[in-house]
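Numbering of the sequence shown is given in my numbering, commencing with residue 72 and proceeding in unit increments.
Glycine included, every Cβ here is placed at the ideal spot set by N, Cα and C.
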Amino acid sequence: MVSTSREGAPSANNASIRAKAELDAYLIRELVPISKNPLEVWEGIKQLYPYLHRVAQRKRTVPGTSVPSERMFSKAGDIMDDKGSRLTAKHLAQRLFLSSLDVSLWESPANI
72 MVSTSREGAP
82 SANNASIRAK
92 AELDAYLIRE
102 LVPISKNPLE
112 VWEGIKQLYP
122 YLHRVAQRKR
132 TVPGTSVPSE
142 RMFSKAGDIM
152 DDKGSRLTAK
162 HLAQRLFLSS
172 LDVSLWESPA
182 NI
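Spelled out as structure tokens, the structure:
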């Protein structure tokens, strides 16, 4: 027996079970050749995997601008000035990560 909410719609538990079953079925599918257009593939299988199709729609987007990457290159240039020119790639990546954090995360719990 399927549990339902007051409105008669399937419960969250039932939806979770269906989503897991859908994911399991998708994962055992034959792999799609890399030469295929992923948008066409998802359009063709959206009836079989409606939950996954919604997730794929959200996750397959690309940024509409190059601003985030330009911002990162600008920060890297600031870090790799004359004083930081000896940084290894690993340390540059670490400094870029640390510089991307919000300033409030740097405050100690005693200051909060």
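Asked                                                                                                           : Found
Three-state class that DSSP yields for Y120 in the structure shown                                              : coil
In chain order, each alpha helix (DSSP H) run of at least 4 residues that lies wholly inside the region 134-173 : 138-150 and 160-171
Proximity below 7 Å, CB of Y122 to CB of A90                                                                    : yes
Rounded straight-line distance, which links the Cα of Q128 to that of R142                                      : 26 Å
Residues near W113 by beta carbon distance below 7 Å, same chain, minus five either side                        : H124 and A127
Helix, strand or coil at S74 [DSSP, three-state]                                                                : Because the pLDDT at S74 is just 47, under 50, the model does not fix this residue reliably, and the value given afterwards should be weighed accordingly. It is coil, neither helix nor strand.
C-beta contact flag for L167 and K146 at 7 Å                                                                    : yes
Length of the line joining the Cα atoms of N194 and G115                                                        : Beyond the ends of the chain as shown, which are 72 and 183, falls residue 194; an answer cannot be given.
Residue nearest to K117 in terms of C-alpha spacing, selected from Y97, N85, P139 and V138                      : Y97
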